[in-house]
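For reference, the structure discussed in these notes is given below.
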Amino acid sequence: MTAVLTGRRPTRGAVRVEADTAGVEVVRRVRHRLRRRTVVVPLALLMFLLVMFCLALTVGDFPVSVQQVWLSLTGRGTRATDFIVHELRLPRAVIALAVGACFGLSGAIFQSMMRNPLASPDIIGITSGASAAAVIAILMLGLSGFAISAFAFAGALITALAIYLLAWKQGVAGYRLVLVGIGIAAMLGAIIDYLLTRAQIWDAQVALLWLTGSLNGASAAELRPLLLLMVIVVPLALWAGGALGGLQLGDDAATSIGVRVERSRLLLILIGVALASIATAAAGPVGFVAFVSGPIARRLTHGTGIALVPAALVGAAVVITADFVGQHLLPVQLPVGILTAAVGAPFLLYLLVRSNRIGHGG
Amino acid sequence: MVLSDAPATRHTLSASELGLGYGDRQIVEDLTVDIPTGKVTVIIGANGCGKSTLLRGLARLLTPTHGAVLLDGRSISSIPSKQVAKVMGLLPQAPIAPEGITVADLVGRGRYPHQGWFRQWAPDDDRAVAEALTVTSTLELADRPIEEMSGGQRQRVWIAMALAQETDLLLLDEPTTYLDLSHQLEVLDLLTDLNRRRGTTVVIVMHDLNLACRYADHLIAMRDGRISAEGTPNEVITAEAMMEVFGLRSTIITDPVSKTPTIIPIGRHHCADDSDDETAVLSGEWSGETSS
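Sequence lines, in order, name chains A and B. Under my numbering, the first residue of the first sequence carries the number 4, and numbering increases by one thereafter. Under my numbering, the first residue of the second sequence carries the number 230, and numbering increases by one thereafter.
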């Protein structure tokens, strides 16, 4: 290993002769520091999730100690603790984590791909599509349970397809997709409102609870399809996410380093929609989780570009924490969606104000 | 040793009866060109003549409306994109730096085509990034966020990303725009170094005609989506060609430093011979030194 640009004549100016082993060392050190951050942040988030998970299983009207939870989980509990842990608290906590992770991942995929923090599925109308379909299922077709989830899933996919087609103009640009999405979200909102005003008060109440995003109906039966779908889609998301590093640099630069831009983007949109609709189907459109998780994760792991895993963990942390606060720490019990909206809406305002000031989408 | 081994195979790039356009608007029509292998080619032409469009077409950023771009004689659209990216790099006109990204991470993204399912980041990638940072003098910036860079530094970082890709062909769309003169020279010197030491085929679209003449082995002058002249700067740059390509009156002298043609443009004002201010000063006969 000798020198850079070993040449026929001495190099001048910008191109200096330098031992390259030292350079490799510098690059290795910098990358190591970045990598360490991408390991430390998820580990810290996992610790936090573990604490929240224990709290969710132990705290409640009928307190169960950590030891009792452990005994119950390993099949040595009493009938009372078994019922509380297995039937009530465990499904709720796991669904909270799973739903949060799906929303977080979905939001981070959309935001990095469109290079715009406003492009999360809850802002551009994809979760509105799921909601509208679910409200139609509840109010017009009188469906319940799993059928609502299936409808929500189909609604999200159809909406995403409509947005994609309307925003398509020799490829999909970030801003057009956001604007078309916001327009579609408004239209779907109007449809939902219309259906609610026409509905019987009792039916409307069921629909409203679903629309707020709630884990009250969380049950073991709901858990299984949710986890099954996640096992398929999450690894797919992490794999397809490999193209995001290129897509973030703009379509031209992405193509030049060998990313098949339109194909990757379509695949990522499908995966992002699938994640958002899986989560919406399970717990309703828990507002703003997809929207806030990505930016928070990026801030925690700053300097490392894409943060899909941290975003999923932040999403899980947001939902399980919001659900815990809504259940136990407030004078009245509130559905999780109200708390996430209370945190997310000011953040949306902040981003809008900031993007206006600096002239682009954040 | 870094950048010293010339690649064993020489990759060729050409276009055959190429048509390029956006939507209904046809910009490049029936263009056939061979990019000289192992040379620095500069594409010049007036605004809107299609030079950037041609470069985008050569880099497969635009799908031809007819004809084809050929890489090693094969239609580029039939070759997997990642495989092309191992052979040909491009510095686009307006790449986007993600918020908060560090220089090392950004340059590392140039390694994408060399990675895959079973081959994630490897020591060879560290080496390539280190080389790219070293030759662009950005090694000491490696852990800094790109937002802190000046325009010149930022451009060098983007070039470093293209270099980290380690391709035999390198296309650059106006790499010197927005840079001050000394940084322009710095970038062009760097590209010349690459070409001379490593045999990289370089294709540059740029506006500065005199720098183009100085740094190009091969000039392509474009007008209305067609090639109006190509060859060495001495062959291409004549007062008549300037009038044809740019609609510009000029006189051509020899650059005393590089002995390449230098274009002295002639406007309506500020001509030393004031009586001729408004009348046609026919280029070439104006001074003793002419182009050819």
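C-beta atoms are modelled at their ideal positions from N, C-alpha and C, and glycine is treated no differently.
- If you check each beta-carbon in the region 237-256 of chain A against every beta-carbon of chain B, the ones closer than 7 Å belong to 248, 249, 251, 252, 253, 255, 256.
- Cβ neighbours of residue 348(A) within its own chain (closer than 7 Å, five residues either side excluded): 291.
- Close to chain B, meaning a Cβ-Cβ distance shorter than 7 Å, is no residue of the region 207-227 of chain A at all.
- The C-beta distance from residue 435(B) to residue 403(B) rounds to 6 Å, short enough to fall under 8 Å.
- For residue 151(A), the uninterrupted alpha helix (DSSP H) segment begins and ends at 149-170.
- Contacts between residue 389(B) and chain A, judged by CB atoms closer than 7 Å, are missing: the closest CB pair is about 11 Å apart.
- Taken atom to atom, the span from the alpha-carbon of residue 33(A) to that of residue 283(B) is near 38 Å.
- For the region 115-148 of chain A, there is no continuous beta strand (DSSP E) assignment of 3+ residues that stays within its boundaries.
- In the DSSP annotation of this structure, the continuous segment of the alpha helix (DSSP H) that includes residue 471(B) starts and ends at 468-475.
- Cβ contact annotation for residue 199(A) (same chain, cutoff 8 Å, sequence separation greater than five): 138, 142, 207, 210, 211, in chain order.
- As the crow flies, the alpha-carbon of residue 64(A) is around 10 Å from that of residue 87(A).
- At least one beta carbon of chain A lies nearer than 8 Å to the beta carbon of residue 394(B).
- For residue 258(A), same chain residues with a beta-carbon under 7 Å away, outside a window of 5 residues either side, are 264 in chain order.
- Residue pairing of residue 460(B) in beta bridges, as defined by DSSP: 448(B).
- Listed in chain order, the alpha helix (DSSP H) elements of length 4 or more contained wholly in the region 215-270 of chain A are 223-243, 247-250, 254-259.
- For residue 411(B), the enclosing alpha helix (DSSP H) has its first and last residue at 410-427.
- Neighbours of residue 89(A) in chain B, taken as residues at a C-beta separation under 7 Å, are lacking, since the least C-beta distance is about 40 Å.
- Taking C-beta separations shorter than 8 Å and ignoring five residues to either side along the sequence, the partners of residue 453(B) in its chain run 278, 279, following chain order.
- With a cutoff of 8 Å on beta-carbon distance, residue 339(B) and residue 393(B) are scored as near each other.
- By the 16-neighbour rule on beta-carbons within 10 angstroms, residue 387(B) is buried.
- Fewer than three pairs of CB atoms, one per stretch, sit closer than 8 Å, so the region 60-80 of chain A makes no contact with the region 38-50 of chain A.
- Between the region 102-114 of chain A and the region 318-334 of chain A there are three or more C-beta pairs closer than 8 Å, enough to call the two in contact.
- Contiguous alpha helix (DSSP H) elements confined to the region 33-67 of chain A do not occur, taking only those with 4 or more residues.
- Contact annotation: residue 301(B) and residue 240(B) have beta-carbon atoms nearer than 8 Å.
- Annotation: the continuous beta strand (DSSP E) that includes residue 402(B) extends over 398-402.
- Of the residues assessed, residue 97(A) falls on the buried side of the cut-off, its CB having 16 or more other CB atoms within 10 angstroms.
- Selection 194(A), 217(A), 159(A), 188(A) evaluated against residue 102(A) yields 217(A) as nearest (Cα-Cα).
- Between residue 398(B) and residue 317(B), the beta carbon gap of about 4 Å places them in contact (Cβ cut-off 8 Å).
- Under the Cβ distance rule, residue 296(A) does not count among the residues neighbouring chain B, no pair being separated by less than 8 Å.
- Contact annotation for residue 298(B) against chain A: no contact, minimum CB-CB distance about 13 Å [criterion: below 8 Å].
- Contacts with chain B at 8 Å (Cβ-Cβ) include residue 260(A).
- Listed by position along chain B, the residues whose Cβ is nearer than 8 Å to that of residue 26(A) are 359, 360, 362, 363, 368.
- Take the alpha-carbon of residue 413(B) and the one of residue 178(A): they are about 33 Å apart.
- When beta bridges are read from the DSSP output, residue 178(A) appears opposite no residue.
- The way I'd put it, the region 67-84 of chain A doesn't touch the region 283-301 of chain A; fewer than three beta-carbon pairs between them come closer than 8 Å.
- Looking at 438(B), 409(B), 446(B), the one whose alpha-carbon comes closest to that of residue 420(B) is 446(B).
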